[in-house]
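Asks:
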Amino acid sequence: MENSDKKRLAERARNIPLYLHAYAFHLNMRYERVLPADLLDIAHQQKLNGVKIHVEDGETKSLQKLSNPQLQQFKEKAQAYNLDIHIETSASDKATLDDAIRIARATGATSVRFYPRYEGYLNDVLDKIASDIAYLSRFDDCGLTFTLEQHEDLQGHELVTLVKNSGMKNLSILFDFGNMINANEQPLAALEVMAPLITQVHIKDALIIKEGKGWGHQACRTGYGDLPIEEMLKSLLMLGEDTPQVTSFGLEEEVEYYAPAFRFEDEENNPWIPWRNASYTPLPESTLVDARLAEEKNHAISQIHYIRNLCDKFINSR
């Protein structure tokens, strides 16, 4: 790496925009031990730039369930901490997008992330997603940015085509460190394909599991898995010439989350895409709940330290 590139990497690592992802507290939020407003406290305490939160995180006390006055209170708390908010949802149909946009506007969020969940032959699925994005395009000038996440079933070139064909100026790709595995892609190769359109990131590590002619993954503590964390982080920080292309790095320490293979080496040109539920981490046995929830909190904080230590390495590599 040339000295000019080292200098650019160091500067970007020094100013990396880190966001606390609610999935790092997925189990705590399902037990309602950590609520949306608590995430703001944690992000503030850890000197992060913002939070990425799913509309359903927090169960009966999720943003989706809050009244307008309660959403306003959440907005004001985030503003008091000077934290950015990104809203996330797990589908791409009209009703789901409308609800996410409603919540984003009410909380003062700047971005909405979504991903499609359809069953069917690939070409039919892509047509459905294109139709969903055509609906979304009417919000292109609403003040929000939108990201389409690569989420286990679609491959990088398919996502790039969807975004390019959308005609939207405020739609880009959210790159997850592990989700390409299930679509039968390798991390660095998938990153290279999607690189021109990546503006947001989910950071996690995972164990790669061979499943027939495909691959599944099980999320694990960052630094303990099979993903090239340092290489991906460095490549993503370097995207963009004069200014950083990636505007947020979400810290998504979702230990034990599992996803099966969806795409395979021997598939035909128009493979069948099976139905899948939204992301899910298995619940612990009742006698182990308290210990597991405490462990989850420790893992989340450890990931923050791990990524900051990597950034320090980039800063000090002369």
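FYI, in our numbering the residues of the sequence shown are 13 to 330.
Beta carbons are placed, not taken as given, at the ideal position from N, Cα and C, and that holds for glycine.
Taking the continuous alpha helix (DSSP H) assigned at V175, which residues delimit it?
Replies: Unbroken alpha helix (DSSP H) run through V175: 168-178.
Asks: Just list the alpha helix (DSSP H) runs in the segment 73-119, keeping only unbroken ones of 4 residues or longer that don't cross its boundaries, in chain order.
Replies: Runs found: 80-93, 106-119.
Asks: Is the segment 156-163 in contact with the segment 173-192, if contact means three or more CB pairs nearer than 8 Å?
Replies: Result yes; three or more Cβ-Cβ pairs closer than 8 Å.
Asks: Among the candidates Y133, R129, V175, whose CA atom is the shortest distance from the CA of I145?
Replies: Per the Cα distances, V175.
Asks: Closest to A218 by CA distance: which of P208, H229, K225, T211 is it?
Replies: Closest by alpha carbon: H229.
Asks: Determine, using beta carbons only, whether A363 and I313 come nearer to each other than 7 Å.
Replies: The structure shown does not extend to residue 363, since the chain is modelled only from 13 to 330, so the question has no answer here.
Asks: Going by C-alpha to C-alpha distance, which of I319, L295, N310, H311 sits closest to E43?
Replies: The sequence shown places Tyr at residue 43, rather than the Glu named in the question. The shortest C-alpha separation from Y43 is found at L295.
Asks: What first and last residue would you give for the alpha helix (DSSP H) that runs through E242?
Replies: It spans 241-249 - the alpha helix (DSSP H) in which E242 sits, taken as one unbroken run.
Asks: Can you tell me the Cβ-Cβ gap for K89 and L52, rounded? I've got them flagged as a contact below 8 Å.
Replies: Right, their Cβ atoms sit about 5 Å apart.
Asks: Please classify K246: is it buried, with 16 or more other beta-carbons within 10 angstroms of its beta-carbon, or exposed?
Replies: It counts as buried.
Asks: Quick check: T293 and Y269, are their CB atoms within less than 7 Å of each other?
Replies: Going by C-beta atoms, T293 is nearer than 7 Å to Y269.
Asks: So which of G252, G262, A273 has the shortest CA-CA distance to G224?
Replies: Comparing Cα positions, the closest option is A273.
Asks: Candidates A202, G120, E197, P208: which alpha carbon is nearest I221's?
Replies: Closest by alpha carbon: E197.
Asks: What residue range does the beta strand (DSSP E) around C232 cover?
Replies: 226-232 is the extent of the beta strand (DSSP E) around C232.
Asks: Helix, strand or coil for I220 per DSSP?
Replies: In this structure, I220 counts as strand in the three-state DSSP scheme.
Asks: Would you call T72 buried or exposed, if buried means 16 or more other Cβ atoms sit within 10 Å of its Cβ?
Replies: Its Cβ having fewer than 16 others within 10 Å, T72 is exposed.
Asks: Quick one: measure Cβ to Cβ for D152 and M180, integer angstroms, because I've assumed they're closer than 8 Å.
Replies: The Cβ separation is near 5 Å, so the contact holds.
Asks: With distances taken Cα to Cα, identify the nearest neighbour of V124 among D139, I241, C154, P256.
Replies: Taking only the C-alpha atoms, the option nearest V124 is C154.
Asks: According to DSSP, is S329 helix, strand or coil?
Replies: Coil.
Asks: Does the distance from the C-beta atom of L134 to that of I285 stay below 7 Å?
Replies: Yes, the Cβ-Cβ distance between L134 and I285 is below 7 Å.
Asks: Report the CB separation of R20 from M250 in whole angstroms; it is logged as a contact under 8 Å.
Replies: That belief holds up - the Cβ atoms of R20 and M250 are roughly 7 Å apart, short of 8 Å.
Asks: Among L83, G190, P199, which has the Cα closest to the Cα of K216?
Replies: The option with the nearest alpha carbon to K216 is G190.
Asks: Could you check the C-alpha separation between E131 and T259 for me, to the nearest Å?
Replies: Using only the alpha carbons, I get a separation of about 32 Å.
Asks: Check whether the segment 59-69 touches the segment 27-46, taking contact to mean three or more Cβ pairs, one atom from each stretch, closer than 8 Å.
Replies: Touching, yes.
Asks: Please report how far the alpha carbon of A118 lies from the alpha carbon of Q167, in whole angstroms.
Replies: Looking at the two C-alpha atoms, the distance is approximately 33 Å.
Asks: Identify every residue that forms a DSSP beta bridge with E131.
Replies: Looking at the DSSP assignment, E131 forms no beta bridge with any residue, so it has no partner.
Asks: Applying the 10 Å Cβ sphere with the 16-neighbour rule, what's the burial state of T101?
Replies: That one is buried.
Asks: Specify, as a first and last residue, the run of the beta strand (DSSP E) that D188 falls within.
Replies: Its beta strand (DSSP E) spans residues 183-188.
Asks: Could you check what DSSP says for F37 in three-state terms: helix, strand or coil?
Replies: It is helical.
Asks: What did DSSP end up calling K59 once you bin it into helix, strand or coil?
Replies: Here K59 sits in coil by DSSP.
Asks: Whole-angstrom Cβ separation of I115 and P128, contact assumed at under 8 Å?
Replies: That belief does not hold up - the Cβ atoms of I115 and P128 are roughly 19 Å apart, past 8 Å.
Asks: Using three-state DSSP, classify E161 as helix, strand or coil.
Replies: Reduced to three states, the DSSP call for E161 is strand.
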